[in-house]
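Protein chains in written order, with this note's numbering: chain G, 6 to 167; chain A, 3 to 89.
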Amino acid sequence: MSSCLPPVIYTAVQNERISLAVELARLDALRDTCGAVVQFIGRVRSDKSTDSEDATKLTSLKLEHYPGMTEHALHELAEQILARFDLHGIVIVHRVGQLLPGEDIVLVATASPHRKAALQAVDFAMDHIKSTVPFWKRESFGSQHHWVKAKDSDAAALLNWL
Amino acid sequence: MQIRLLFFGAITEALMRTQGSETVELPAHCTHVSHLLSLLRSRGEAWERELGDDRAFRVAVQQRLVNGDAELSPGCEVAIFSLITGG
């Protein structure tokens, strides 16, 4: 790492909506050294139910977490990413609780001297959040609820980083 | 010894649990995660099915992912949860 500033590392698991301005400001100290800042936002889609024949669209998404383990796993992931890529800063904020279609679920922001590391780090972060940080999604379609099943493609995505 | 047992994700409802946690008094021979799972499977049909070898679930002891060989200690926190679906 060429910067003499300490790396920025911030992770949070929260019920509150994500403020993009507040979270990106955490990387402001890196303006002179980092030519690339990448931000990814994951949002709730209003998809139709895949489990039933009715055409009801998703009405809400509940995100459950394991208090303590989830925060710890998210921070460890951020530390792992800082060590692996040429990054000077990383911010990961993940929401829990009841979310509505269109709301932001997760924000990952990375800062690096050059874009490739920042882009790759975001991709790595999302692949790992999907299947290694303890969060569970439950979709509601009106009065019908079901837990989201883990996808084989998400597990396979992890193998690409080995 | 006593342990605290937690459940997260779909498995909580599949086991027809109304609460996500309970305190369990373990018999003396129950010293490892594999013993605990055998004990839980004997609770009934849903438990036998959901905690079966063919089912994908995870176990954490003291908030660390473990396998059946992991040792249990008095007062430890054991979590049983469905596969993660974050992001």
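C-beta atoms are modelled at their ideal positions from N, C-alpha and C, and glycine is treated no differently.
1) Three Cβ pairs or more, each shorter than 8 Å: is that satisfied between the stretch 61-71 of chain G and the stretch 35-45 of chain G?
2) For a test of the three-state rule: what should DSSP assign to G/PHE129, helix, strand or coil?
3) If you follow the beta strand (DSSP E) that G/GLN85 is in, where does it begin and where does it stop?
4) Suppose contacts are defined by Cβ-Cβ distances below 8 Å. Is A/VAL26 in contact with A/LEU53 by that definition?
5) Determine the extent of the alpha helix (DSSP H) in which G/ASP109 is found, giving its start and end residues.
6) How many Å lie between A/LEU39 and A/VAL80 at the Cα?
7) When burial is assigned at 16 or more other CB atoms within 10 Å of the CB, is G/MET6 buried or exposed?
8) According to DSSP, is G/ILE14 helix, strand or coil?
9) I'd like to know whether the C-beta of A/GLY77 is nearer than 8 Å to at least one C-beta of chain G.
10) I want to verify the contact list: residues of chain G whose CB lies under 8 Å from the CB of A/SER84, in sequence order.
11) Where do the N-terminal and C-terminal ends of the beta strand (DSSP E) with A/ARG43 fall, by residue?
12) Just the Cα atoms here: how many angstroms apart are G/ASN165 and A/GLY70?
13) Mind listing the chain G neighbours of A/ALA12? Cutoff is C-beta to C-beta under 9 Å, in chain order.
14) Opposite G/LYS67 in the DSSP bridges: which residues?
15) Hey, does A/THR87 have any beta-carbon neighbour from chain G nearer than 8 Å?
16) Among the residues of its own chain, which have a CB less than 7 Å from the CB of G/GLY147, if the five just before and after it don't count?
17) Verify the CB distance criterion: does A/GLN21 have a CB-CB separation below 8 Å to chain G?
18) If we count Cβ pairs, one from each stretch, closer than 8 Å, do we get three or more for the stretch 88-100 of chain G versus the stretch 19-29 of chain G?
19) Please list, in chain order, all residues of the same chain as G/GLN103 whose beta carbon is under 7 Å from its beta carbon, the five residues on each side excluded.
20) For G/VAL127, which residues from the same chain have a beta carbon less than 6 Å from its beta carbon, with the 5 sequence-adjacent residues on both sides left out?
Inspection of the coordinates gives the following:
1) no
2) helix
3) Premise fails: G/GLN85 lies in the alpha helix (DSSP H), 74-89, not in any beta strand (DSSP E).
4) no
5) Looking at the DSSP string, G/ASP109 is not in any alpha helix (DSSP H); the run it does join, the beta strand (DSSP E), is 109-117.
6) 11 Å
7) Any reading at G/MET6 must be qualified, since the residue scores a pLDDT of 49, below 50, and its modelled position is unreliable; no value is offered.
8) strand
9) no
10) TRP141, TRP152 and ALA155
11) From DSSP, A/ARG43 is part of no beta strand (DSSP E) but of the alpha helix (DSSP H) over 35-43.
12) 27 Å
13) TRP141, ARG143, HIS151, TRP152, VAL153 and LYS154
14) G/GLN103 and G/ARG143
15) yes
16) THR61 and THR64
17) no
18) yes
19) SER65 and LYS67
20) VAL43, PHE45, VAL113 and THR115
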